[in-house]
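Everything below concerns the one structure shown next.
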Amino acid sequence: MSETNFSQVPKAYNPADVEDKWYKYWYDHELYHSEVDHSKQPYVIPIPPPNITGILTMGHILNNTLQDIFIRLKRMQGCNACWVPGTDHASIATETKVTNFLAEKGIKKKEIGRDEFLKHCWQWKEQYGGIIIQQLKKLGVSCDWRRERFTMDDDYYREVIKAFVDLYKEGKIYRGYRMVNWDPANKSAISDEEVIYKTVNGKLWYFKYTVAGSNEFIIVATTRPETMLGDTAVAVNPDDERYKHLIGKKVKLPIVEREIPILADEYVDKEFGTGAVKVTPAHDVNDYEMGMRHKLPFINIFNDDATTNENVPDWLQHQDRYEVRKKVVAKFEELGLLHKIEDYQTKIGYSERGNVPIEPYLSEQWFMKMSASGGDDLVTPAIKAVQDGRIKFYPKHWEKTYFHWMENIKDWCISRQLWWGHRIPVWYHKQTGNIYCDVNPPKDIENYKQDEDVLDTWASSWLWAHAIFRTEEERKYYYPTNTLVTGPDIIFFWVARMIMAGMHFMKDIPFRDVYFTSIIRDAQGRKMSKSLGNSPDPLEVIKEYGADALRFTVIYLAPLGQDVLFSTDKCELGRNFANKIWNAGRFLLMNCENIKVDKELKDSYKDFADEWIISRLNKTLLQFNKAMDDFEVNNAIKIVYSFIWNDYCDWYVEMIKSRLYGDNDEVKSAVLTRAISIFEDALKMLHPFMPFITEELWQLLDKRNEGDSISVSEFPKVRESLINESSELEMDFVKDIITAIRNIRGEMNIAPSKKVNAMIKSSSVKDYQIDYIKKLAKVEELNIDANIQKLKASASAVLRDVEIFIPLEGLIDLDVERQRLQKEIQRLENSISSVEKKLSNEKFVSNAPAEVVEKERAKQKDWQENLKKLKEILENLN
RNA sequence: GGGCUCUUAGCUCAGUUGGUUAGAGCGUCUGCUUGACGUGCAGAAGGUCAAAGGUUCGAAUCCUUUAGAGCCCACCA
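Residue 35 is where the first sequence starts when you use my numbering, and the numbers rise one by one after that.
Here is the structure:
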């Protein structure tokens, strides 16, 4: 036992006093380092590596608390738990950040060149890249810090390159001149998934194009007037009677004065706009398709920053796309060719990172082939793995989203015109142009030039689940990992691709269970965002309430698959609970100063209250394990919460006080030792959720050795034989009597300090229950007899076969008592009438299971008896 | 246009395979310095389970439709 003097321990729990202390202790003792150990079952969580550009958000808090809960629980349950932390180089995000950072100092990326720029990136990474990971330590995460990984570590880098080379050699990676989503801010291609569509109020411009050799016009509608400079056709639906006679003719394109054909294509919707479409094959995805179908010229009118190039008339060259738009529209108006302008709501694709409208743009890029006929592809095995349940999603409904995406997947554009990232391992022969692709550069490197591009970030993080393990031996032991905890927003970016990578490179699933977290919103239900300023700084919250309180609150509020409405003040919930536990611990510790803790006596001198709490503990453990097995973390915490607060504190602690304050030292020892042992089990159950306070109390409750920790102690096992229904029934009976008396006291406004006398008419109350009733209901004299006569001026309650009378001579207000009784009578009558309705229904009696009918009958009987008694009591009162 | 999720007490949410009087936290009201805790204790009030219809002896729970909220996907200029 610790030597602390507990009367001096603060009444209120102060997390700041304990959290840093224990984190350092865990860290210094490397309690969470894992090595291959074939005598133990591995349990692995690969952390979703935060971007090195990121800041800690409430989303991280939820996500990492969940992972910590899983990993701590499995560790205590005897698994070789291994939670691998790390960070993602975040190619485009970091490059943007560093570029801006340098620009502020007047340094231009292009001017300093690739190598110099990369030095700045690494410097930046060293300085800021570990911030989130460091901040997470405040949360108490039990990561294996010796295994921290970065997606551009040397060995990880090699792994990414090797994956590229392998896929290239298998023909699954190819190079092509294609239309891609172009981010003009970053001057790079991006993948379909990096495009965010925003609804904007735009315009629809109607332009008249003159049909060559006639006075006729054909009117086309467009949301992007400037692209007309690249038009190479006008298309109509082949069945459109209005335009049939024009098919095959030409129009003269205004401004550029180019003659372009009018052609027929099924793609065109007769009903929309004018039924005639301008075709710009180089700047629109659909037009690109049409251009291919009709072998149209592709005229690219933009530079890589979305300014116009020399393919447009001189006076429109080298200007921003929106500037050109204005000028084109003005020119049409001037020419009398602007038919009309309509307001139009449209969706515009924005670059996720650059936050500018993307441009469909033709360029040479690297693609990864996703699906192939015959199923020898990346997608098919990944679909199967989820279909046949080898990988499970929680909540399950995300599987539909996954399947839908996988079944409609398009080839993945993996090249980025950036410098920060994994450089594509392809060299082009300076003379022949031949492609050399390998993990090592060509021997005669002087004859080659390497591809300038780097890979999409996700083309490195998709290997995370296995690339975090460096040796064959480790991969054999730790792979597949067990649980992935991540947001549903990266189901396509990351989860799906990791499954593809795992199935392809490791020939096995990357993880067994995927837990999709909730989205944290503010109290009004809005998404947390920097611009709204509604996102609390988690570190501030931790400072104010403590990490345990924050963890508890977030989990308590986050049911599986539901959004969470969070506001800082909700952490009071967790803080109050921490304080409650703290004080329960204080209570035990204070008693330890006068009472000897003796493990020999742990199972001695048990009464029904002890049997009851032990039964409740085991039942709680059973329910807890079931909830955790089903990934119902939110449910699990509520189960523990209720056990600790309602069962242990509200009832058990109150019940042991009389014995603790008695005069039999051996009984006192037995009771306290048992109470501590149950409390320790409760602390262990709670530890994955609130690691700091549970460690502090666990360390105080007994003498521990250096390096000991509740976090590596054995998780309590369920002992079903100790689940004792009869003790629970007996306890319920006693609780009901106590509650009934408390109810009378409350409603009659009797001060808690005022003791009352009570009479119980019953033959089922046991002698040993009397003390508990007297103590907890604050009864002075308790008279129990089956033949008791009620005193005139007394308040009454009826439950089961028990009638309770509280003589309140001089205190009782008969009207209040009458109302109380009448209310109760009313309630019973309502219940009885609903039961009678059921039982008088012959179909119910004949169709419902016998036990259900029997239950209803018993209810009816009990209630009727109670009603009769209540009515008599009311009668006597008058 | 397709898909997913949600609608239960003033607020935020539980409610397992249909079967006690639909629960919890916060908030509200009443009382309380009861020798762990006022970040607490005891008691109370508060719900026609979004609406309609159906299946069933029985529906918050299953089915259909409707209304509303949110999210995701999709090439309508």
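No residue lacks a Cβ here, since even glycine has one placed at the ideal position from N, Cα and C.
Keep in mind it's a predicted model, so treat the numbers as computed, not measured.
Kindly indicate which three-state DSSP category residue 447 falls into: helix, strand or coil? Strand.
Does the distance from the C-beta atom of residue 452 to that of residue 220 stay below 8 Å? Cβ distance < 8 Å, so residue 452 and residue 220 count as in contact.
In angstroms with no decimal places, state the Cα-to-Cα distance between residue 261 and residue 551. One C-alpha to the other measures close to 43 Å.
Taking its Cβ as the centre, do 16 or more other Cβ atoms sit within 10 Å of residue 477, making it buried, or is it exposed? Answer is exposed; the Cβ neighbour count stays below 16.
Would you call the stretch 795–807 in contact with the stretch 722–737, where contact means no fewer than 3 C-beta pairs closer than 8 Å? No, because fewer than three Cβ pairs between the stretch 795–807 and the stretch 722–737 fall closer than 8 Å, the two stretches do not touch.
Based on the DSSP output, what are the partners of residue 399 in its beta bridges? BP columns for residue 399 point to 210.
Distance, residue 439 Cα to residue 324 Cα: Taking the straight line from one Cα to the other gives about 25 Å.
Just how far apart, CA to CA, sit residue 667 and residue 594? About 8 Å.
Here's a check: name, in chain order, each residue in its chain whose Cβ is nearer than 8 Å to the Cβ of residue 703, leaving out the five neighbours to either side. Answer for residue 703: 629, 630, 631, 632, 635, listed in chain order.
Quick one, are the C-beta atoms of residue 654 and residue 671 less than 8 Å apart? The beta carbons of residue 654 and residue 671 sit no closer together than 8 Å.
Cβ shell of residue 657 (< 7 Å), same chain only, five flanking positions each side left out: The residues are 673.
Identify, in the order they occur along the chain, each residue of the same chain with its Cβ nearer than 7 Å to the Cβ of residue 14, setting aside the five sequence neighbours on each side. The displayed coordinates of the chain run from 35 to 912. Any statement about residue 14 would go beyond what the structure contains.
Which value, in whole angstroms, describes the spacing of the CA atoms of residue 237 and residue 314? Per the coordinates, the alpha-carbon of residue 237 lies some 18 Å from the alpha-carbon of residue 314.
Pop quiz: residue 333 and residue 266 are said to be a contact at Cβ under 8 Å. What is the actual Cβ separation, rounded to whole angstroms? The pair is a contact, with the Cβ atoms about 6 Å apart (cut-off 8 Å).
In this structure, how does DSSP classify residue 161 when only helix, strand and coil are distinguished? DSSP places residue 161 in the helix class (H, G or I) of the three-state scheme.
Under a three-way DSSP split, which group does residue 217 fall into? In the three-state reduction of the DSSP assignment, residue 217 falls in the strand class, which pools E and B.
For residue 370, the three-state DSSP class (helix, strand or coil): Secondary structure at residue 370: coil, using DSSP grouped into helix, strand and coil.
contact_flag[the stretch 442–450, the stretch 468–477] where n(CB pairs < 8 Å) is 3 or more: As far as the Cβ criterion goes, the stretch 442–450 does not touch the stretch 468–477, which means the pair count is below three.
Mapping DSSP to helix, strand and coil, what is residue 792? The answer is strand: DSSP assigns residue 792 an E or B state.
According to DSSP, simplified to helix, strand and coil, what is residue 184? Strand, per DSSP.
Residue ranges of each alpha helix (DSSP H) run of no fewer than 4 residues wholly in the stretch 472–552, ordered along the chain? Counting whole runs of 4 or more residues, the stretch 472–552 contains the alpha helix (DSSP H) stretches 492–495, 498–501, 506–512, 531–535.
When the Cα atoms are used, what is the spatial distance from residue 582 to residue 609? About 8 Å.
Look at the Cβ atom of residue 898, then the Cβ atom of residue 859, and state whether they are nearer than 8 Å. No; because the gap between Cβ atoms is not below 8 Å, this pair is not in contact.
If you draw a straight line from the C-alpha of residue 834 to the C-alpha of residue 782, how long is it? When the Cα atoms are used, residue 834 and residue 782 turn out to be separated by approximately 22 Å.
Kindly indicate the opening and closing residues of the beta strand (DSSP E) around residue 913. Residue 913 is absent from the model: the chain starts at 35 and stops at 912.
Does DSSP classify residue 555 as helix, strand or coil? In the three-state scheme derived from DSSP, where H, G and I count as helix and E and B as strand, residue 555 is classed as strand.
Compute the Euclidean distance between the alpha carbons of residue 689 and residue 811, then round it to the nearest angstrom. Cα to Cα, the separation comes out at about 11 Å.
If you drop the 5 nearest sequence neighbours on each side, which residues of the same chain put their C-beta closer than 6 Å to that of residue 484? 461, listed in sequence order.
Under DSSP, the beta strand (DSSP E) around residue 285 begins and ends at which residues? DSSP places residue 285 inside the beta strand (DSSP E), whose first and last residues are 284–287.
Looking at the secondary structure, which residues open and close the beta strand (DSSP E) in which residue 116 lies? Under the DSSP assignment, residue 116 falls in the beta strand (DSSP E) whose first and last residues are 114–118.
If residue 827 sits next to residue 814, beta carbons under 8 Å apart, how far is it from one beta carbon to the other, in whole angstroms? Incorrect: roughly 17 Å between the Cβ atoms, too far for contact.
When 848, 185, 895, 97 are compared against residue 494, the one with the closest alpha-carbon: Considering only alpha carbons, the answer is 185.
Hey, how far is the Cα of residue 129 from the Cα of residue 422? Between residue 129 and residue 422, the C-alpha separation is close to 40 Å.
With DSSP run on the structure shown, which of helix, strand or coil describes residue 853? The answer is helix: DSSP assigns residue 853 an H, G or I state.
Span of the beta strand (DSSP E) around residue 269: It spans 267–270 - the beta strand (DSSP E) in which residue 269 sits, taken as one unbroken run.
Bridge partners of residue 236, per DSSP? In the DSSP output, where bridge partners are listed per residue, residue 236 has 378.
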